[in-house]
Every structure is written in C-alpha cells, then in structure tokens.
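Visitor: Could you have a look at this structure, given as structure tokens, before my questions?
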Amino acid sequence: MKKDQFTIKNVLLPLGVVVVAVIVWHFLCAFGILPAIAVPTPLQVLTGFAEEARRGRLFDDVIASLFRVMIGFVLAVALGLPLGLFMGLYAQARVALLPAVNFFRSLSPLAWIPFAILWFGIGDTPAIFLIFMAAFFPIVLAAAAAVAGIPAVYFRVARDYGFRGRELMMQVTLPAIMPQVITSLRVTAGVSWLVVVAAEMIAGRDGLGFLIWDARNALRPDLLVVGMIVIGIIGVVLDRLLVQLTRIPSVRWGYDK
Amino acid sequence: MTNKMLRLKGVSRSFGAVEVFQNLSLDIAQGEFVAIVGPSGCGKTTLLNLLSAYDQPSSGTIQRGGVLRMIYQEGGLLPWQTAGQNIAMSLRGLPNAAERNRQLQELLALIGLKGFEGHYPHMLSGGMRQRVELARALGGDSDVLLMDEPFSALDYITRLRMRQELARLLHERPRTVVLVTHDIEEAAHLADRIIVLSERPAQIRCELQISLPRPRDLTHPEVVNAVHCILTELGLESRESAQPQMSYPIERMSVFMESEEQS
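Chains as they are written, first to last, in my numbering: chain A, 1 to 257; chain B, 258 to 520.
Shown next as structure tokens:
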C-alpha cells in the first residue's frame, strides 16, 4: 500500500533519470556519435512537438486513438465478463468453450489485420475490431478462472444465510472475482493500447499509429519520436488510472496479503 | 423433550465404497454443548455436514429443530464485506432497517468489537475474525451452532481466549452447540458431553459427561481428568497413570509456568 507514496525522492529520482538521458542523447547527437540522418536531436523533437501541437493534429490523433481503445475495450469487457462468468460457473461450458477461447487468445490480434480491412475498410471500425479481438479472450479466460477458483466456503456461507440467484451473483460471485478481474483489466488495457498503434498504421487515416507511419513516410524522424513519446506516456497514464480501481475498499483484500 | 433438539437415527453415509458412518444414532438436547472428537479422517466434518443438511445421509433420518448456523475453521467471513456487513448477513430476515442496525450494534458490543464495524476481515486479527464469525452465527435468533474446528487456525493463547469468549457468549445467548474438534483439551474445556468416535466406519466409542459449569479452568481436575479419559480411550495414555502426578519442586514449577505464559 505504501509503494505509491508521493515523496520528493519518488518524484525527483525518476525525473533525474529522464533529464540525464536527454542530456546524454543531446551530446551523442552533438558530437556526431549518433548520425543525424538516423536519430533526431532532442531540440528537433521539441520543435516537432510544438509544430504538431500548434496544428492541432497531435491532439486529434490522441483523441482518435483513445476513442477506439475505449470502444473496443468496453465492448470486450461487456461481452467477455458475462461469458467468463458463465464458463466459470458451468463446468460443461468450460469443457466446450475453453479450447476455442485458448486458440483465439494465442492468435496474435495482428493476424486479423487483413480481414479487418477486408470486412471493415479503413477508419475506426477495423481498429475497434482488432482491439476487441485482443482484449476479449484474455478477459473471458481471467473471469472464468477466477470464478472457478472461488473458495467453496463462500458459497456455503452464502447458502447458509439465504443468498440466491441474482443476489448470490451480485453479492458473492462478482465481488469474489473482482481483484482478479481488475488485474486482468489492467493487462488487457495495456495490450489494447499496443494494438491500436499497429491497427492505425495499416488501417487508419488518423490516430497515433497513423502519425508514426506518416512521419516515417515523410522522413520526419523527429515526429516519429514525438509519436513514440506520446504513446508511451498515455499508456502509463491509462495504467495509472486503472490502478485506481484497486483502491476500492471492497477489493483491497485481494491485494493486501 | 422440545422440538428444538437434534436427532440422528440409524444414520449411514458412504462415499462410493468408503463407509463413513454405519448406523449412527445420536440425540442432542436443546441447550446442550456437545463436542465430537475422534481420529482424523473418521468423519467428524461429514457429521457436521449431515447435521447442517449440506450433505444427505445414505440411509437413516436426521431431525433438526430451529435455525442452524455453521461456523467454519477460517475464512468463513466474506472478505469483500466489512465486519458489520458480515454480521448483518444473519439479520437479513428482519424486515425493519432500524431494528437490524440495533441488533447489529448489540452484537458488535457483545463481542467487544464496537467501532470495528467498518473494518474488512483482512484488517482484523485471527481472533477478532473468529469473534465476528461467532457474532454472525448468533445473530437473527439462531438456535444451534455447528462449529467445525473453529479455533484451530489460531495460536494457543488466542485459542484459550476464544474458548473463554465462547463460554461467555453462550452464557449471554444460550445455544445448542455441536463442536467438532481434534483438540481434546478444547472439548474437555468447553463441552457438557464429549462423544469419542472410532475409526471408519465411525461409531460412538464412548461418551463423557462433564457437569462442571462454564467458564472452566483448563487445569481444573475434572477437565484434566476428562482429557486423560479421552486420551486413554484413544489408546494414547495408559490407564495406570489415572491420577496425574505433579512432582515438580516448587522453584521449578514457577519457572515452568512463566515460560508457558510467554509462549
């Protein structure tokens, strides 16, 4: 619980690492150790960033990517959790569906790119589809495993005190798997953010992935780095946001051991 | 006899080829505290499962009167609910929210955990958790407590405290108790009647009445004697040493007692 404390040390140390890295990078470029044609200087990246920000394109790309991840991820959770619950509760359903779910989970979502373009063309839909394919199966598996692993004593206690049906689901089954579900949400949200970049490179006309691809085509390595930095920072922020879910008092038991 | 007694009549239970009970009969009167001891694997927990109707006998009948509540070894509290919410599970039958809250506060006071209502189980010590379990089992006017080695996960000192606590709670809120335990000392410390089961297929090997009122001293001669009787019955002590002899010199005795308290 104490690892996230905001102390001066916890802020200054990582910040120091970034500053030192940028300084080293600057001098590596300045002394020609890194060839100017292959690696932009920090200053070039900064001006590239200012240029993109001024034109407003960077902001639009960020919004486009976040929107796709949001829709694909929410769809995957909304459909994956119920299916996972169903598989966790019924052994028959597990036997029937687990091999298929495992198959699709092992299949790289990027392998769907050609079909995504064939079916949905270019734009939001193919990216959303790919994110869905990346997030849906891991969520199903995590929920199914979590439900199947609920200690039997909780169900006995619930029975002793007359919990049935909907109440049993809302007050026992769901809260019992919450810690594991939240962990799986963090992982799959991370994967979704990876996938959207790849999807937009090939099947997009905007978004951060497209920004990367466009910078490459325009031979603008400075913009390439701008895109990479923005993608990385947003990925970290997304995870930090989802970590907040683990602060909910009724799920803390799953993490404080 | 009232209708709030427990009665097993000719109960047999087998799992496949394994016969756990064969023609077992047992009457437990209302308000009686019965402890069931026996070699491990003899079917003590199966007996509780039968009594609580979680499991059904292969043949024979079981009569139960009143509301039965099970107390589990550990981890019977729902970890995503606070201590208060866990206890309130037993008060769900009450239609009136104000009355539910009044009884909840009463139970919290009874177990000395007023102010811990909002704590989650993982924030409480093992002893506190078991007290919450007890409060939950007592709530909602239950009649019978079925306890499956309720204190076995606790350390020795806490276990002794919990026995006193249980004796006190039963004084305040009398209940019929069936305590399954492998801890013979615990049985002798608490129960009005101790039933010693044999190896599988389990049958009642002997019964022992202890009329000493609770709370009892663990070292009271009658308790010590009961422990001796059961151990002898299980073939773990010899009959010759019927009167345990304390032959320690006085100085050594005091050292002995101090070190025991520290442990």
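From the three backbone atoms N, C-alpha and C, an ideal C-beta is built for every residue, glycine too.
How big is the Cα-Cα spacing for F67(A) and S192(A)?
Guide: Their Cα atoms are separated by approximately 12 Å.
Visitor: Which class does G317(B) belong to by DSSP, given the choice of helix, strand or coil?
Guide: In the structure shown, G317(B) sits in a strand (DSSP, three-state: E or B).
Visitor: Beta-carbon of H379(B) versus every beta-carbon of chain A: anything under 7 Å?
Guide: By this cut-off, H379(B) is an interface position.
Visitor: Of all Cβ atoms in chain B, is any one closer than 7 Å to the Cβ of S184(A)?
Guide: No, no contact with chain B.
Visitor: Please give the ranges of any beta strand (DSSP E) in the segment 303–391 of chain B, keeping only runs that are unbroken, at least 3 residues long and fully inside the region.
Guide: Fully enclosed beta strand (DSSP E) runs of 3 or longer: 316–320, 325–328.
Visitor: Taking all protein chains shown into account, do 16 or more other C-beta atoms lie within 10 angstroms of the C-beta of P314(B), making it buried, or fewer, making it exposed?
Guide: Answer is buried; the Cβ neighbour count reaches 16.
Visitor: Going along the chain, which residues of its own chain have a beta-carbon closer than 7 Å to the beta-carbon of V69(A), five neighbours each way excluded?
Guide: For V69(A), where only same-chain residues beyond five positions count, the Cβ hits under 7 Å are I131, S192, W193, V196.
Visitor: Where do the ends of the beta strand (DSSP E) carrying F290(B) lie?
Guide: Segment 290–294, the beta strand (DSSP E) holding F290(B).
Visitor: Less than 7 Å between the C-beta atoms of K261(B) and G323(B), yes or no?
Guide: Contact flag set, yes.
Visitor: On the DSSP bridge assignment, give the partners of L465(B) in chain order.
Guide: Beta-bridge pairing links L465(B) to I451(B).
Visitor: Measure from the alpha carbon of M201(A) to the alpha carbon of each residue in R216(A), V187(A), Y161(A), then state which is nearest.
Guide: When each option's Cα is compared against that of M201(A), the closest is R216(A).
Visitor: Our contact map puts R418(B) next to I344(B) with C-beta atoms below 8 Å; I'd like the distance itself, whole angstroms only.
Guide: Actually they do not touch by this definition, with Cβ atoms about 20 Å apart.
Visitor: Is it buried or exposed, P352(B), if we count other Cβ atoms within 10 angstroms and call 16 or more buried?
Guide: The residue is exposed, with fewer than 16 neighbouring Cβ atoms inside 10 Å.
Visitor: At which residues does the beta strand (DSSP E) containing G165(A) begin and terminate?
Guide: G165(A) -> not in any beta strand (DSSP E); alpha helix (DSSP H) instead, spanning 165–168.
Visitor: Is V181(A) close to chain B? Criterion is C-beta to C-beta, closer than 7 Å.
Guide: No, V181(A) lies away from the interface with chain B (no Cβ there is under 7 Å from its Cβ).
Visitor: What do you get for F59(A), buried or exposed, if any count of 16 or more other CB atoms within 10 angstroms of its CB means buried?
Guide: Exposed, because fewer than 16 other Cβ atoms sit within 10 Å of the Cβ of F59(A).
Visitor: Compare the C-beta of V157(A) with all C-beta atoms of chain B and state if any pair is closer than 7 Å.
Guide: Chain B contact via Cβ: present.
Visitor: Please classify E363(B) as buried or exposed, where buried requires at least 16 other C-beta atoms within 10 Å of its C-beta.
Guide: The residue is exposed, with fewer than 16 neighbouring Cβ atoms inside 10 Å.
Visitor: Does the separation of the CB atoms of A410(B) and P472(B) fall below 7 Å?
Guide: The answer is no: Cβ separation not under 7 Å.
Visitor: Where do the N-terminal and C-terminal ends of the beta strand (DSSP E) with Q279(B) fall, by residue?
Guide: Counting along the chain, the beta strand (DSSP E) containing Q279(B) begins and ends at 275–285.
Visitor: Just to confirm my understanding: we take T30(A), look at its own chain, exclude 5 residues before and 5 after, and list those with CB closer than 8 Å. What are they?
Guide: According to the sequence displayed, residue 30(A) carries Ala and not Thr. T41.
Visitor: If you draw a straight line from the alpha carbon of L208(A) to that of H26(A), how long is it in whole angstroms?
Guide: Straight-line Cα distance between these residues: approximately 25 Å.
Visitor: For the beta strand (DSSP E) holding R270(B), just list the boundary residues, first then last.
Guide: Unbroken beta strand (DSSP E) run through R270(B): 263–272.
Visitor: Of all the CB atoms in chain B, is at least one closer than 7 Å to the CB of Y255(A)?
Guide: Cβ-Cβ to chain B under 7 Å: no for Y255(A).
Visitor: Determine, using beta carbons only, whether V147(A) comes closer than 7 Å to chain B.
Guide: No, because no Cβ of chain B sits closer than 7 Å to the Cβ of V147(A).
Visitor: Roughly how many whole angstroms lie between the Cα atoms of V153(A) and M169(A)?
Guide: Whole-angstrom Cα-Cα distance: 15 Å.
Visitor: So, A444(B) versus V294(B), is the Cβ gap smaller than 7 Å?
Guide: Their beta carbons are under 7 Å apart, which means A444(B) touches V294(B) by this criterion.
Visitor: Does DSSP put T489(B) in a helix, a strand or coil?
Guide: T489(B): helix per DSSP, three-state reduction.
Visitor: I need the DSSP call for D405(B), collapsed to helix, strand or coil.
Guide: It is a strand residue.
Visitor: Cβ closer than 8 Å: which chain B residues qualify as neighbours of V153(A)?
Guide: Going along chain B in sequence order, the residues near V153(A) (Cβ under 8 Å) are Y329, G332, G333.
Visitor: So with Cβ pairs under 7 Å, would you call M404(B) a contact of chain A?
Guide: M404(B) does not count as touching chain A.
Visitor: Thinking C-alpha only, which one of L325(B), I328(B), S399(B), G372(B) is nearest G341(B)?
Guide: Considering only alpha carbons, the answer is G372(B).
Visitor: Hey, could you find the ends of the beta strand (DSSP E) T436(B) is sitting in?
Guide: Residue identity check: residue 436(B) is Leu in the sequence provided, not Thr. First-last of the beta strand (DSSP E) with L436(B): 433–437.
Visitor: How about P336(B): is its C-beta nearer than 7 Å to some C-beta of chain A?
Guide: By this cut-off, P336(B) is an interface position.
Visitor: Along the segment 393–419 of chain B, what residues have a CB closer than 7 Å to any CB found in chain A?
Guide: Within the segment 393–419 of chain B, no residue qualifies.
Visitor: Quick check: L265(B) and L283(B), are their CB atoms within less than 7 Å of each other?
Guide: Yes, Cβ-Cβ distance for L265(B) and L283(B) is below 7 Å.
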